[in-house]
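And the structure:
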């Protein structure tokens, strides 16, 4: 009952009243999928706050609703019920074009399988979101080269993704996510397809972004190193957030699952 | 959200260029299937174009067709009345001017191997008859002659018919001389070769022309429909193949209209290329096909190149329009996709 009361309070409290700046707030997010007559509950009421500038890791077993939560707070799909506020805007109120604008300017996405456009060069991949934001030509080109240099790929700007290693491709993807200087970067298991060393490089790069550009980073991951590098970890299980902790509060050797 | 609206407005113009690049790259990557799809458009539009051009040429060669039919009919008639003409002699009276059918009939006699024509009354013969021996014979049409032909549009003068037709079994074959009623010639000897159309026959002809027209319209519509379905199918496949790409682009902030533009642009590009090729193929094909049976000269004289250009533009417009129509549904499917769903797809 206490939990229910807390939820109610959260529902009626305006996000702007917070002292610490909350950049994403999810309230009682429920998401159900209908597959024919079968209804799958992917999320059963997840409530969370993401603070501006923090590095948050979300973890949980597969099928726990991790990806669904990720999609919901990243404005990639609308929840069945509950509210998602991104930068104090309720995304349920936005139409598809406004959502596109939000994804374009506010959020950068990094995917497990990189999802680069294979037919485009690295530079074109990075400048693509810029053209969606209305920036084109020399301005976009300069900006793209600058970002690619920052992620350490200044010498590969005209290569196609297929000509690069996995780590390099993920660097391009990170560069692309930063194209429109977003406040939030969402990374869905960014190290899952990479080896240990390259994974560590990605983590370093993400931490660097967090510190230098003050980007909020949210990543879904199983990677121990990523969990240790983050500011806060959320556990999700069976569609609910079951635990929130800082990495130093956790004994990774025993307390892991 | 006023800022959003302003920026959305700004966003529309720029990515058209980007969309074009994406489309060109897409066509290049899926070149094989693009070619198959374009071939579909080419076939459909070529078919439409060949129907249009064919009908135009047909109008020109219809008279020719009628003349040929008539010449053939007269030839058969003559054969039935007097037997084969090979190495035979015929007599001929020409009054006034010969019609095209009559000239052609005489030419066909030459082809059939008529050896000699006895020309009565200084009748003028067409200059094209070269291999036939012409004998001027004022009075007598009998002898070797197996038949007396009367041709021309003038009025036949009275004469000593008994003398002219010395043989009893000599047939008189008249083509188009109006009102060949010569009392001196017995009815059994006079054969009218020209044909008069009964109302029933005329009706039948009109009905047949209408049926032909209806049929070609029907076949045309079906072929265009097949083309549309072909393009739709190809575009739907393209959408399925690009699920991940579309999802990624949506995550990067692409508007739904951008995704829609990609598919509409791709399809209209295919429409333009396929339509242009189709117009050329269709026009060339139908001109060639008619040239084989009617000869280049006749076909070219009945081809109105301005009209062909008109047909070409119309067919091209139809091609582009149908291509865009065919892409409307796939483009909607793609643009309405939720990015999360598009990304989840493992295709």
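Protein chains in written order, with this note's numbering: chain A, 2 to 258; chain B, 49 to 395. Glycine is no exception: its CB is placed at the ideal position from the N, C-alpha and C atoms. Bear in mind the structure is a predicted one, so any value in this text is a computation, not a measurement.
Could you tell me which chain B residues have their CB closer than 9 Å to the CB of residue i, listed as they occur along the chain?
i	result
residue 236/A	None at all; the shortest Cβ gap to chain B is about 22 Å.
Measure the C-alpha to C-alpha separation of residue i and residue j and round it to an integer number of angstroms.
i	j	result
residue 242/A	residue 284/B	39 Å
residue 333/B	residue 86/B	18 Å
residue 84/A	residue 278/B	44 Å
residue 147/B	residue 259/B	31 Å
residue 328/B	residue 322/B	10 Å
residue 250/B	residue 257/B	11 Å
residue 59/A	residue 95/A	26 Å
residue 203/B	residue 154/B	20 Å
residue 251/A	residue 228/A	10 Å
residue 238/B	residue 346/B	36 Å
residue 245/B	residue 268/B	32 Å
residue 395/B	residue 296/B	The predicted position of residue 395/B is uncertain, since its pLDDT is 41 and thus under 50; a value taken from the coordinates is nonetheless stated next. Distance between the alpha carbons of residue 395/B and residue 296/B: 13 Å.
residue 32/A	residue 82/A	7 Å
residue 73/A	residue 72/B	34 Å
residue 280/B	residue 320/B	16 Å
residue 300/A	residue 101/A	Summary: the structure shown does not reach residue 300/A, with chain A confined to residues 2 through 258, and so no result is reported for it.
residue 367/B	residue 83/B	15 Å
residue 53/B	residue 70/A	Below a pLDDT of 50, predicted positions are generally treated as unreliable, and residue 53/B, at 47, falls in that range; no measurement from the model is reported.
residue 1/A	residue 57/A	Outside the shown range of chain A (2 to 258) lies residue 1/A, about which nothing can therefore be said.
residue 166/A	residue 386/B	30 Å
residue 215/A	residue 364/B	56 Å
residue 232/A	residue 220/A	11 Å
residue 294/B	residue 94/B	34 Å
residue 248/A	residue 68/B	48 Å
residue 146/A	residue 197/A	27 Å
residue 206/B	residue 196/B	15 Å
residue 201/B	residue 356/B	38 Å
residue 331/B	residue 351/B	10 Å
residue 1/A	residue 21/A	Chain A is shown only over 2 to 258; residue 1/A falls outside these bounds and no answer can be derived.
In chain B, which residues lie with their C-beta within 8 Å of the C-beta of residue i?
i	result
residue 78/A	386, 387, 388, 389
residue 129/A	66, 297, 300
residue 1/A	Absent from the model: residue 1/A. The displayed extent of chain A is 2 to 258, so no value can be given.
residue 104/A	298, 299, 300, 301, 387
Rounded C-beta distance between residue i and residue j? I'm assuming under 8 Å.
i	j	result
residue 246/A	residue 237/A	Actually they are not in contact, since the Cβ atoms of residue 246/A and residue 237/A sit about 13 Å apart, beyond 8 Å.
residue 388/B	residue 78/A	4 Å
residue 217/A	residue 54/A	6 Å
residue 115/B	residue 81/B	Not quite, the Cβ-Cβ distance comes to about 50 Å (not below 8 Å), so this is no contact.
residue 203/A	residue 171/A	6 Å
residue 178/A	residue 111/A	5 Å
residue 48/A	residue 27/A	6 Å
residue 194/B	residue 222/B	Going by Cβ atoms, the distance from residue 194/B to residue 222/B rounds to 15 Å, so no, they are not a contact pair.
residue 292/B	residue 390/B	7 Å
residue 132/A	residue 63/B	5 Å
residue 46/A	residue 30/A	7 Å
Give the interface partners of residue i over in chain B, defined as CB-CB distance under 7 Å, in chain order.
i	result
residue 110/A	299
residue 120/A	73, 77
residue 72/A	388
residue 172/A	Those do not exist, as residue 172/A stays about 16 Å from chain B at its closest Cβ, beyond 7 Å.
Could you name the residues of chain A that residue i contacts, counting a contact when the two beta carbons are closer than 9 Å?
i	result
residue 304/B	97, 98, 101
residue 292/B	114, 116
What in chain A is Cβ-close to residue i, meaning under 8 Å?
i	result
residue 63/B	132, 133
Query raised in the report: Of all the alpha helix (DSSP H) runs that stay within the bounds of the stretch 168-245 of chain A, which reach a length of 4 or more residues?
Result: 197-214, 225-230
**Report entry** Contact between the stretch 359-369 of chain B and the stretch 279-294 of chain B (3+ Cβ pairs under 8 Å)
**Finding:** no
Query raised in the report: Which residue spans inside the stretch 342-373 of chain B form an unbroken alpha helix (DSSP H) run of at least 4?
Result: 344-350
Report task. Evaluate contact between the stretch 102-109 of chain A and the stretch 295-304 of chain B, counting only Cβ atoms and requiring at least three cross-stretch pairs below 8 Å. Result -> yes
**Report entry** Runs of beta strand (DSSP E) wholly within the stretch 82-149 of chain B (minimum 3 residues, chain order)
**Finding:** 137-142
Query raised in the report: Contact between the stretch 266-281 of chain B and the stretch 79-93 of chain B: three or more CB pairs below 8 Å?
Result: yes
Query raised in the report: Between the stretch 98-106 of chain B and the stretch 121-133 of chain B, do at least 3 Cβ pairs fall closer than 8 Å?
Result: no
Requested in this report: Give a yes or no on contact between the stretch 25-40 of chain A and the stretch 191-198 of chain A, applying the rule of three or more CB pairs nearer than 8 Å.
Outcome: no
Query raised in the report: On the three-pair Cβ rule with 8 Å, is the stretch 333-343 of chain B touching the stretch 311-320 of chain B?
Result: no
Requested in this report: Inspect the CB distances between the stretch 112-120 of chain A and the stretch 140-151 of chain A and report whether three or more fall short of 8 Å.
Outcome: no
Query raised in the report: At what residue ranges does the stretch 115-152 of chain A contain a whole run of the alpha helix (DSSP H), taking only runs of 4 or more?
Result: 123-133, 138-151
Query raised in the report: Counting pairs of beta carbons, one from the stretch 112-124 of chain B and one from the stretch 149-168 of chain B, are three or more of them closer than 8 Å?
Result: yes
Report task. Take every Cβ of the stretch 148-158 of chain A, pair it with every Cβ of the stretch 118-134 of chain A, and state whether three or more of those distances are shorter than 8 Å. Result -> yes
Requested in this report: Enumerate, from N- to C-terminal direction, the unbroken beta strand (DSSP E) stretches of 3 or more residues contained entirely within the stretch 150-180 of chain B.
Outcome: 164-168
Query raised in the report: What are the uninterrupted segments assigned as beta strand (DSSP E) that are 3 or more residues long and contained completely in the stretch 28-91 of chain A, given in chain order?
Result: 39-52, 56-60, 82-87
Report task. Run through the stretch 257-317 of chain B for me and flag every whole alpha helix (DSSP H) of 4 or more residues, listed as ranges in chain order. Result -> 291-299
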